[in-house]
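Please read the structure below before turning to the comments.
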Amino acid sequence: MPDLLPLAATPATAAGDTAWLLAAAALVLLMAPGLAFFYGGMVRSKSVLNMMMMVFGALAVVMVVWVLAGYSLAFGDDIGGGLLGDPTQYLGFRDMLAPDPDAAYPVTLFAAFQGLFAVITVGLIAGAIADRTRFGTWLLFAGLWTLLVYAPVAHWIFGGGWMQERLGALDFAGGTAVEINSGAAGLAAALVLGRRVGFGRDPMKPHNLTLVMVGAGLLWFGWFGFNAGSALAADNTAAIVFVNTLLAGCTGLLAWLGVERFRDGHATSFGAASGVVAGLVAITPSCGAVTPIGAMLVGVAAGAICALAVGLKYTFRYDDSLDVVGVHLVGGLVGTILIGLLASTSVTGVDGLFYGGGTGQLGRQLVAAGATLVFSFVMTALLVWVLERTVGFRVDPDHEVAGVDLVIHAETAYDLHATGGARPHFGPGTGTLHP
C-alpha cells in the first residue's frame, strides 16, 4: 500500500483523491451484501438467512470495534517492535476529525476504508463454519478476532510493522491481512468446532446458484474499490491495479472452468463464480506489482490450483463449509508468493525471479505468508476453543438438523406455504374454489 496521507497536495488533487477514496470505500462496503448473497446461495435453504446475518452482523460489530480500538492497534504508532500499534492513540477516532489542508484526503476516510477491509475479512471466516454456529457467539467472536488477530496482522503489513518496514514484503491490498488471515482462521475454526451433522454422507450442495452468481458479480464490482482504492489516489497506479484486477478475475474464471471441464466433463456456473473469486483473491496482494500479463498468469494459477484445492477437505476430513480454505487461504498464498516470481519494476520497485530479480523477494513473500498463516491459525483456534467452552459456539445437533434459520432467527428464507387462515377447498361438482 502506498504511503499514507501524501503531503503538499494541490486542492484539485486532494479533491480528486478524496472523491476516489469515498467511491472506493462505498464499493468495499458493497462487498458485504455481495458476500452475503454469495455465501447465502452456497448454503442449504434451511440456513441461508443465518449465513447472511453472520455477514451483516460482522459488518456492524467490526466497524464499531474498529472505531473504538481496532484502527489504533493497526495504524497507531508502533509500540511493540513492529508487532502492534498504540491502542489508545486514535481511541474512538479522537484527534482525527480536524481537516488537514496539506493532506490528499481526510484521515477519517482512510480509517473507515481500512475498517471495511476488516469487515470483509471477518465475513469471509463465516463461510468456513456455516450451518452450525450460535449467532450471539459469532458476534462476540467477530469483535474479539478483529482486535486480537486482524489488527496485529494489518499493522505488520500496512501500518508500519515488521513485515512492511523490516522484512520488505509486498502486499498491495491484503493477501496476508485479508486472504491468508481469513483462510487460516476459517480452517482453525472449522477444526475446533468439528464437522457438520451428515458431512461426507448427506448432499450439501448450494441451494440457489442464482444468488451465488449475483453475489460473485457484486464482489467483483466491489473488488475494484478494494484493490484500486488501495492506491489511495486517482492516479496511474490505480488504473494499472484496476486493469490487473479485471484480468485476473477473467482468467481465474477460465482456468477454473478448464479444470472442471477436463475433470468432470462440465463447466458449471458455480465453478465460474468460484473461479472469479479465486482470481480476485490472488491478485489482491499482487495487483500493484505485476504487469497485465502477470495478472493473467496469477489468475490462471489461482483458478486452477484453487479448483483442485477445494477437494482437500474430503481427503483430510475437515468441514470447511463454503471452501474458505480452498479459495481464500490457497488463493492468498498463490497471489502473495507469485509476487516473488512475477513482480516487475515497470509496475513496482522490485523485480521477481522471472524478471531477473533473484530469490530475495520470493523469500520475503514466503516468510510473510507463513507468519500470517501460523499466527492466525493458532490465535483463532485458541479463541474459538475458549468461546466454545465458556459461552458455547456450536448449536445443538438437533437444532442444526432442524435448521439454524428457524431455531436462531425464527424465520425461513422461502415462505412457500400458507400458514394461516381457513384452508381453501373446491366445491363438490363445481370445480370452483370456495373458502
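To get our numbering, take the position in the sequence shown, counting from 1, and add 195.
Each residue gets a CB set at the ideal place from its N, CA and C atoms; glycine is no exception.
Alpha helix (DSSP H) segment containing residue i, residue limits
| i | result |
| --- | --- |
| GLU595 | 592 to 597 |
| ASN403 | Element bounds for ASN403: n/a, residue is neither H nor E. |
| ALA313 | 302 to 321 |
| MET291 | Unbroken run through MET291: none, as it is neither H nor E. |
| VAL529 | 525 to 537 |
| SER571 | 555 to 585 |
| GLY331 | 330 to 340 |
| MET246 | 243 to 260 |
| PRO347 | 346 to 352 |
| THR283 | It is not in any alpha helix (DSSP H) - THR283 carries neither H nor E in the DSSP assignment. |
Classification of residue i by the beta-carbon crowding that lies within 10 angstroms, buried from 16 upward
| i | result |
| --- | --- |
| LEU611 | exposed |
| PRO301 | buried |
| SER541 | exposed |
| ALA203 | Residue placement at ALA203 cannot be trusted, given a pLDDT of 46 that sits under 50; the coordinates are not used to answer. |
| GLY558 | exposed |
| ASP326 | buried |
| PRO401 | buried |
| PHE511 | exposed |
| VAL373 | buried |
| TRP215 | buried |
| ILE603 | buried |
| ASN376 | buried |
| ASP593 | exposed |
| ALA227 | buried |
| ALA434 | exposed |
| THR283 | exposed |
| VAL505 | buried |
Closest by C-alpha distance to residue i, when choosing among the options
| i | options | result |
| --- | --- | --- |
| GLY338 | LEU578, MET246 and LEU230 | LEU578 |
| LEU217 | GLY424, VAL573, VAL525 and LEU441 | GLY424 |
| VAL436 | THR479, GLY310 and MET399 | THR479 |
| LEU427 | PHE353, ASN245 and MET574 | PHE353 |
| ARG361 | GLN556, ALA306, ARG390 and LEU475 | GLN556 |
| VAL529 | GLN284, PHE336 and ALA443 | ALA443 |
| LEU286 | ALA269, THR543 and ARG396 | ALA269 |
| PRO347 | ALA307, ASP273, ARG396 and GLY331 | ASP273 |
| LEU224 | ARG396, PHE312 and VAL586 | PHE312 |
| ALA411 | GLU606, GLY236 and ARG589 | GLY236 |
| MET399 | THR585, GLN560 and LYS241 | LYS241 |
Residue i and residue j closer than 7 Å at C-beta
| i | j | result |
| --- | --- | --- |
| ALA380 | THR575 | yes |
| ALA385 | ASP514 | yes |
| ALA349 | GLY211 | no |
| VAL596 | VAL392 | yes |
| GLY271 | GLY265 | no |
| LEU404 | SER469 | no |
Any C-beta of chain D under 7 Å from that of residue i
| i | result |
| --- | --- |
| ALA490 | Looking at the structure shown, chain D is missing, and only one protein chain is on hand. |
Practice task
Counting only runs of 4+ residues fully inside the segment 433 to 495, write out the alpha helix (DSSP H) ranges in chain order.
Solution key: 464 to 481
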